[in-house]
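For reference, the structure is listed below as structure tokens.
In my numbering, the protein residues as written are 47 to 186.
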């Protein structure tokens, strides 16, 4: 059994849903050594999340952002926790809805995602900055 664990820093992204599959893979040159396994990808933040979805049409990511903004509006009068701004508590809620981790099968040294699937960073803050990700790969 082989184990790989890395903590990486993603480049800062604007608010929205961003494909980060290639950015993650760029930090995992040793992935080719894993014939069969699982990659667990975890974000160390409470105001951003991770998910897997459509990787081809950018309108999907824009629609996600629009939907989450309607579902959890930035209205300070609705929340007590607004110390860091109107996007503070809404970011925590959105992050909790999506989650902080995804798991991806590894087959023959590659992520075994579907044809149209990619890993998203879901950035909910107006100025979130760089984000830390822990990637753990295990397999043989």
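Quick reminder that beta carbons are idealized off the backbone N, C-alpha and C, glycines included.
Within-8 Å CB hit, residue i to chain D
i, result
"residue 170", "Among the protein chains of the structure shown there is no chain D, as only one such chain exists."
Whole-number beta carbon distance between residue j and residue i, since they are thought to touch under 8 Å
i, j, result
"residue 77", "residue 155", "6 Å"
"residue 147", "residue 73", "With 8 Å as the limit, residue 147 and residue 73 do not qualify as a contact, their Cβ atoms being about 16 Å apart."
"residue 113", "residue 136", "No, residue 113 and residue 136 are not in contact; Cβ-Cβ is about 13 Å, not under 8 Å."
Residue interval of the beta strand (DSSP E) (run including residue i)
i, result
"residue 56", "48 to 56"
"residue 182", "177 to 185"
Nearest neighbour of residue i, chosen from the options [CA to CA]
i, options, result
"residue 103", "179, 162, 175, 134", "162"
"residue 117", "57, 99, 141, 130", "141"
"residue 179", "88, 68, 59, 64", "88"
"residue 185", "170, 84, 60", "84"
"residue 173", "90, 114, 60, 47", "60"
Host alpha helix (DSSP H) of residue i (start-end)
i, result
"residue 70", "67 to 71"
"residue 115", "104 to 117"
"residue 136", "134 to 144"
Residues of its chain near residue i, where Cβ-Cβ distance is below 7 Å and the 5 sequence neighbours each way are ignored
i, result
"residue 134", "127, 128"
Beta-carbon contacts of residue i that lie in its chain and below 8 Å, excluding the five residues immediately before and after
i, result
"residue 71", "77, 157"
"residue 56", "66, 69, 167, 176, 177, 178, 179"
Contacting residues, own chain, Cβ-Cβ under 6 Å from residue i (five flanking each side not counted)
i, result
"residue 64", "167"
* Asked: Any contact of the region 84 to 100 with the region 166 to 186, i.e. 3+ C-beta pairs under 8 Å?
  -> yes
* Asked: Given 8 Å as the limit, is there contact between the region 146 to 155 and the region 65 to 81, that is, 3 or more CB pairs closer than that?
  -> yes
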